[in-house]
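Only one structure is covered here, and it is reproduced in the block below.
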Ligand SMILES: NC(=O)c1ccc[n+]([C@@H]2O[C@H](COP(=O)([O-])OP(=O)(O)OC[C@H]3O[C@@H](n4cnc5c(N)ncnc54)[C@H](OP(=O)(O)O)[C@@H]3O)[C@@H](O)[C@H]2O)c1
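In our numbering, the protein residues as written are 2 to 421.
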């Protein structure tokens, strides 16, 4: 362990941030480590590529077999994707190398297997940077809150979608215009699907569920809805009613199941998470002894994420210990059947009595209404917005199917969960 020999798999945005963090804070890091970090090899796709990082050229290789894992203490994985990262990390763990990774997709899909293998081999696997970039979420849940039972989590875990929704809310840009700006500024990929459809946030929520609740879900089990359907009308009605729309990752431990979802939701403008704007991330956590806390910061970016990776590496070399870990319950069902208020926007014929008839159908299903906004435009068709009291989504869907079948209803435009 004293040689601090590491190999790095991947030298892109995060790899560069990791090495540049080392160079920025070399004195502090080496002082704490008691010596230098020895980067012995770097695996990349194209060894000859120009990179904005100061490393000797002969460290780079395209050949995993050239890494000399026998003489490596720790492997830092910053390549991304499930394969070949999964195969490489299994090989590294079997050679008794510690592992630090920032790979959310890999940890969400194969984390349990990798952690099991690390335990079997008596080495450490740390993954702080896989959720929330530079924000110490995993360490806080596992170590800082080790004496607590985590009851609830609510997170803004994807910077791209938060940037888009902020632009729509503040500047009244359309979804397409806000996405274009995010792409121009490098906050969104050319293909934004993983972000805007909620896959990225669902992977992160799956990892947090393991640490917070001891329940390891298949990411596919997480109820997931993206932000493509959110319109400026919804943003504006939401504000009028005292809410902002955010893509929220929600987790709650119930007695016999865990509720996990990623979806756009209306949240009161007074809630601290509603003030998390632009590309920033936050996680609001409730512990049964501690109460509520919120962690906020940069959920992505080379330097922020690289700094979290470096902290994990230092933790392995200095303390050599696992996360304390939270509850170890397994095999609890994951679903999303809980009660919630909902925002519903529809277009109806602008004629007398329509509101009363729709309210009556809601009443027939036992759904009571918290607020109603009715705005006559002097046109044939008018918008109608409701916020319900708590209701199970299935029951709401059944009521809305009946309402949509009426000839005075043109279209149900949006159904969005409300979080208080
Ligand atoms: N970017 C962020 O802000 C951020 C934040 C949190 C977590 N993460 C996670 O961190 C990881 C790295 O992300 P990134 O943004 O740094 O990615 P990136 O910029 O695309 O860099 C990926 C690196 O991996 C190398 N690579 C990819 N496939 C390879 C293969 N099959 N064999 C060898 N090398 C390969 C690439 O080589 P070449 O350079 O030669 O192409 C590149 O150096 C991902 O798991 C990501 O989810 C990223």
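We put the beta carbon where it would ideally sit given N, CA and C, even for glycine.
Reference residue 13; option with closest CA among 37, 51, 4: 51
Rounded C-alpha distance that separates residue 404 from residue 410: C-alpha separation (whole angstroms): 7 Å.
List the endpoints of the continuous alpha helix (DSSP H) containing residue 27. 27-34
So, for residue 257: in the same chain, excluding its five sequence neighbours on each side, which residues have a beta-carbon less than 8 Å away from its beta-carbon? 333, 334
Contacting residues, own chain, Cβ-Cβ under 7 Å from residue 213 (five flanking each side not counted): 142, 151, 154, 252, 327
Going by the beta-carbon positions, is the gap between residue 63 and residue 94 smaller than 9 Å? At least 9 Å separates the beta-carbon of residue 63 from that of residue 94.
Quick check: is any heavy atom of ligand 1 less than 8 Å from the C-beta of residue 102? yes
Name the one or two DSSP bridge partners that residue 276 has. According to DSSP, residue 276 bridges with nothing at all.
I'd like to know if the stretch 157-173 and the stretch 182-195 are in contact, where contact means that at least 3 CB-CB pairs between them fall below 8 Å. At 8 Å Cβ cutoff, the stretches touch.
Whole angstroms is fine: what's the gap from residue 133's alpha carbon to residue 282's? Here the alpha carbons of residue 282 and residue 133 stand approximately 7 Å from one another.
Once DSSP output is grouped into helix, strand and coil, what is the label at residue 2? Only weak support is given to the placement of residue 2: the predicted model assigns it a pLDDT of 47, under 50, and the value that follows is read from those uncertain coordinates. Note: residue 2 maps to coil in three-state DSSP.
Taking residue 307 as the reference, give the member of 183, 99, 65, 130 with the closest Cα. 130
Residue 56 and residue 40 look like a contact to me (Cβ under 8 Å); what is the Cβ gap, rounded to whole Å? 7 Å
Exposure label - residue 32; buried when at least 16 CB within 10 Å: exposed
Tell me whether residue 158 counts as near ligand 3, meaning its Cβ is closer than 8 Å to at least one heavy atom of that ligand. For the structure depicted, ligand 3 is absent and the ligand set comprises only ligand 1.
With hydrogens ignored, establish whether the beta-carbon of residue 52 is closer than 8 Å to any heavy atom of ligand 1. Because some heavy atom of ligand 1 lies under 8 Å away, the Cβ of residue 52 counts as near it: yes.
Let me know if residue 42 comes out buried or exposed under the rule of 16 or more other beta-carbons within 10 Å of its beta-carbon. buried
Could you tell me the distance, in whole angstroms, from the CA atom of residue 262 to the CA atom of residue 312? 30 Å
Could you tell me which residues DSSP puts in a beta bridge with residue 387? 345, 373
Do you know how far the Cα of residue 278 is from the Cα of residue 90? Rounded to the nearest angstrom, the gap between the Cα atoms of residue 90 and residue 278 is 35 Å.
So, residue 211 versus residue 113, is the Cβ gap smaller than 9 Å? yes
Unbroken alpha helix (DSSP H) runs of length 4 or more, entirely within the stretch 287-366: which are they? Runs found: 303-319, 355-365.
Does the CB of residue 295 have a neighbour CB from chain D at under 9 Å? The structure shown contains no chain D; it holds only a single protein chain.
Rounded straight-line distance, which links the Cα of residue 108 to that of residue 342: The alpha-carbon atoms of residue 342 and residue 108 are separated by roughly 33 Å.
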